[in-house]
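Using the UniProt record's numbering, read the sequence shown as starting at 1 and increasing by one per residue.
All C-beta atoms, glycine included, are put in the ideal place defined by N, C-alpha and C.
Below: the structure, in structure tokens.
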Amino acid sequence: MQRSAEEIKALDRRHVLHPNVVLADHARGLPMPIMVEGQGAVLRDIDGKEYIDAIGALWLANIGYGRKELAEVARRQMEKLSFWSLFWGYGNVPAVELAARLAEIAPPGLSHVFFTSGGSEANETSIKIARLYHVRRGEPSRRHIIGLARAYHGVSYGAMTATGLETVRQNYEPYVGAFDHIPSAYCYRCPLGKAYPACGVACAGELERKILDLGPQNVAAFIAEPIHGVGGVITPPPEYFPRIREICDRYGVLFIADEVICGFGRTGTWFGIEHWGVVPDLISAAKGLSSGYLPIGATLVHDRVYEALGQPEGPGAYFNHGFTYSGHPVAAAVALENIRILAEERLGERAVEMGRYLTERLRRAENPYIGDIRGKGLMLGVELVADPATGEMPADPNVGRYAEARCREHGVIVRALAPGNIIALSPPLVVTREQVDRIVEVLDEAVRYVFEHPPAPAR
Ligand code: PMP
Numbered sequence: 001m002q003r004s005a006e007e008i009k010a011l012d013r014r015h016v017l018h019p020n021v022v023l024a025d026h027a028r029g030l031p032m033p034i035m036v037e038g039q040g041a042v043l044r045d046i047d048g049k050e051y052i053d054a055i056g057a058l059w060l061a062n063i064g065y066g067r068k069e070l071a072e073v074a075r076r077q078m079e080k081l082s083f084w085s086l087f088w089g090y091g092n093v094p095a096v097e098l099a100a101r102l103a104e105i106a107p108p109g110l111s112h113v114f115f116t117s118g119g120s121e122a123n124e125t126s127i128k129i130a131r132l133y134h135v136r137r138g139e140p141s142r143r144h145i146i147g148l149a150r151a152y153h154g155v156s157y158g159a160m161t162a163t164g165l166e167t168v169r170q171n172y173e174p175y176v177g178a179f180d181h182i183p184s185a186y187c188y189r190c191p192l193g194k195a196y197p198a199c200g201v202a203c204a205g206e207l208e209r210k211i212l213d214l215g216p217q218n219v220a221a222f223i224a225e226p227i228h229g230v231g232g233v234i235t236p237p238p239e240y241f242p243r244i245r246e247i248c249d250r251y252g253v254l255f256i257a258d259e260v261i262c263g264f265g266r267t268g269t270w271f272g273i274e275h276w277g278v279v280p281d282l283i284s285a286a287k288g289l290s291s292g293y294l295p296i297g298a299t300l301v302h303d304r305v306y307e308a309l310g311q312p313e314g315p316g317a318y319f320n321h322g323f324t325y326s327g328h329p330v331a332a333a334v335a336l337e338n339i340r341i342l343a344e345e346r347l348g349e350r351a352v353e354m355g356r357y358l359t360e361r362l363r364r365a366e367n368p369y370i371g372d373i374r375g376k377g378l379m380l381g382v383e384l385v386a387d388p389a390t391g392e393m394p395a396d397p398n399v400g401r402y403a404e405a406r407c408r409e410h411g412v413i414v415r416a417l418a419p420g421n422i423i424a425l426s427p428p429l430v431v432t433r434e435q436v437d438r439i440v441e442v443l444d445e446a447v448r449y450v451f452e453h454p455p456a457p458a459r
């Protein structure tokens, strides 16, 4: 017997613990849709209402929903070999094929791949490999990991501790030891009170300061998203990562690029860091790797790191790290097909073209409450302000959340990022011009509305 929509909603309230929600609000019945179908950039909920997904679920639905090719590949692989692990040197064919393909599309030298189930695990792996690299090279005191204040790297303990955003970390102490943070390259609201380009990218210099404070002999790695996602779609200036790379090289510190959002065409290139012309030592990837069709992540390892790990003697010669689902053959086969589609349909180029179009349309709307539009490709952020001339924060930073709710009512899903006045836009890369027009129309109206009709203060 099939359950009705109302029964499903009641069971959801009773049994499902949702991520990132006030649990009491959910139990009382938040008006959040339960999705049942997706095609391209369009979703349909359990009540039959349609939405344009302007956030690609969690920045990840790069090839769009409902691609039969992926279902077919998954079905074939499940029938042939549903699972076999990579532990102890065993193998399976899709994992081998996917690793080889990733080595082809990665920045030069990143030709070794460790598979995970998602982004947090990829970052845990990158961090552990960075520490292991120094152990293997006879510098076991290099343990510190330096990250950025507005970074988001995941919710497992290492990834959460690497995360700079207090909202993500709070209430979960004690954190893992030997993690530090430096200010982000947030030019629109410079944490150092400077202005680009006169600043000389002083925020990159903060890395050197931190390394010297800690002692280079104690520092393992620096980790950063090429563009902060959850932290506000913050895009560093062109000189930033070249300076970071130089500093890392000067002090023997590894550079980990967290490409969990930026990878796989979202910013227009295979990997976001390519925009800065820099080659990291380790890359964490997930999300767009499978466009979310199945959970899979990866750590890409540079040859020079691999060489140290691969020495036959000494502590750590046995690489003691692995998740049950590392190299899951069905997820790997699906990711491979996803990458084939991204390449064949040139979806990176499309991200650039549609990102430009979306930005232009937003500018043309001349919305008096939009202070900054930033990002690359189809990874965009719109910062809402009281006055674009001064960048003054809105009186109520939650305006973005109100706008998000109003957009949803009007059939467009956007996402407000902390502190509440930054709207993220990251639709599937297959989004059409008509859909972009609609996204802009709905968002523009919603933003004006929420500024001009602030909700009555709660009593
Ligand atoms: N890194 C970044 C940059 C992310 O945006 C995310 C997820 N939003 C993660 C890591 C964590 O990935 P996951 O949720 O798959 O563990």
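{"query": "Are there 16 or more other CB atoms within 10 angstroms of the CB of Q77, so buried, or fewer, so exposed?", "result": "buried"}
{"query": "Helix, strand or coil for K376? Go by DSSP, reduced to three states.", "result": "strand"}
{"query": "Check the DSSP bridge columns for Y65 and list the partner residues they point to.", "result": "G40"}
{"query": "In chain order, what residues of the same chain lie with their CB nearer than 6 Å to the CB of T267, ignoring the 5 residues before and after it?", "result": "K376, G377, M379"}
{"query": "On the DSSP bridge assignment, give the partners of S284 in chain order.", "result": "D258, T299"}
{"query": "Put H453 into one of helix, strand or coil per three-state DSSP.", "result": "coil"}
{"query": "What are the boundary residues of the alpha helix (DSSP H) that includes Y357?", "result": "347-364"}
{"query": "Could you tell me the distance, in whole angstroms, from the CA atom of V430 to the CA atom of E313?", "result": "49 Å"}
{"query": "Identify the residues that DSSP records as bridge partners of Y51: which are they?", "result": "L43"}
{"query": "Please confirm if the stretch 323-342 is in contact with the stretch 70-85, defined as three or more CB-CB distances below 8 Å between the two stretches.", "result": "yes"}
{"query": "With burial defined as no fewer than 16 other Cβ atoms inside 10 Å of the residue's Cβ, what is the status of D444: buried or exposed?", "result": "buried"}
{"query": "Three or more C-beta pairs under 8 Å: does that hold for the stretch 47-57 against the stretch 411-431?", "result": "yes"}
{"query": "With DSSP as the reference, label I34 as helix, strand or coil.", "result": "coil"}
{"query": "Does the beta-carbon of G177 have 16 or more other beta-carbons within 10 angstroms, so that it is buried, or is it exposed?", "result": "exposed"}
{"query": "What would DSSP say about H144, mapped onto helix, strand or coil?", "result": "strand"}
{"query": "Considering I423, what are the terminal residues of the beta strand (DSSP E) in which it resides?", "result": "422-425"}
{"query": "Whose C-alpha, out of V440, I341, A389, is nearest the C-alpha of G381?", "result": "V440"}
{"query": "Measuring only from the beta carbon, is G119 closer than 6 Å to any heavy atom that is part of the ligand PMP?", "result": "yes"}
{"query": "Tell me whether D437 is buried or exposed, calling it buried when 16 or more other Cβ atoms sit within 10 Å of its Cβ.", "result": "exposed"}
{"query": "Quick one: what's R415 bridged to in DSSP?", "result": "A424"}
{"query": "Taking 6 Å as the cut-off, is the beta-carbon of G265 closer than that to any non-hydrogen atom of the ligand PMP?", "result": "no"}
{"query": "Sorry if obvious, but does the Cβ on D258 come closer than 6 Å to a heavy atom of the ligand PMP?", "result": "yes"}
{"query": "With distances taken Cα to Cα, identify the nearest neighbour of residue 489 among S85, T269, G48.", "result": "Residue 489 lies beyond the range of the chain shown here (1 to 459); nothing can be said about it."}
{"query": "Which partner residues of L384 appear in the DSSP bridge assignment?", "result": "I370"}
{"query": "Between R189 and the rest of its own chain, which residues show a CB-CB distance below 6 Å, the 5 nearest in sequence each way excluded?", "result": "none"}
{"query": "In the DSSP assignment, what residue or residues form a beta bridge with D180?", "result": "I146"}
{"query": "Whole-angstrom Cβ separation of F264 and L300, contact assumed at under 8 Å?", "result": "In fact, because the Cβ distance is near 12 Å, the residues do not count as touching under 8 Å."}
{"query": "Leaving out five residues on either side along the sequence, give the residues of the same chain with a beta carbon under 6 Å from the beta carbon of F359.", "result": "Strictly speaking, residue 359 in this sequence is Thr, with Phe absent from that position. Within the same chain, T359 has close Cβ partners I373."}
{"query": "Whether or not the stretch 36-43 and the stretch 18-27 are in contact is what I'm after, with contact meaning three or more pairs of Cβ atoms, one per stretch, closer than 8 Å; do they touch?", "result": "no"}
{"query": "Under 6 Å: does the beta carbon of I146 sit that close to some heavy atom of the ligand PMP?", "result": "no"}
{"query": "Whose C-alpha, out of A220, E206, I63, is nearest the C-alpha of P140?", "result": "A220"}
{"query": "Measure the alpha-carbon distance for C407 versus L17 and round it to whole angstroms.", "result": "25 Å"}
{"query": "Since A103 and V113 should fall inside the 8 Å C-beta cutoff, what is the C-beta to C-beta distance between them, to a whole number of angstroms?", "result": "7 Å"}
{"query": "Mind checking whether C248 and F271 have CB atoms under 7 Å apart?", "result": "no"}
{"query": "Mind checking who E392 pairs with in its DSSP beta bridge?", "result": "D387"}
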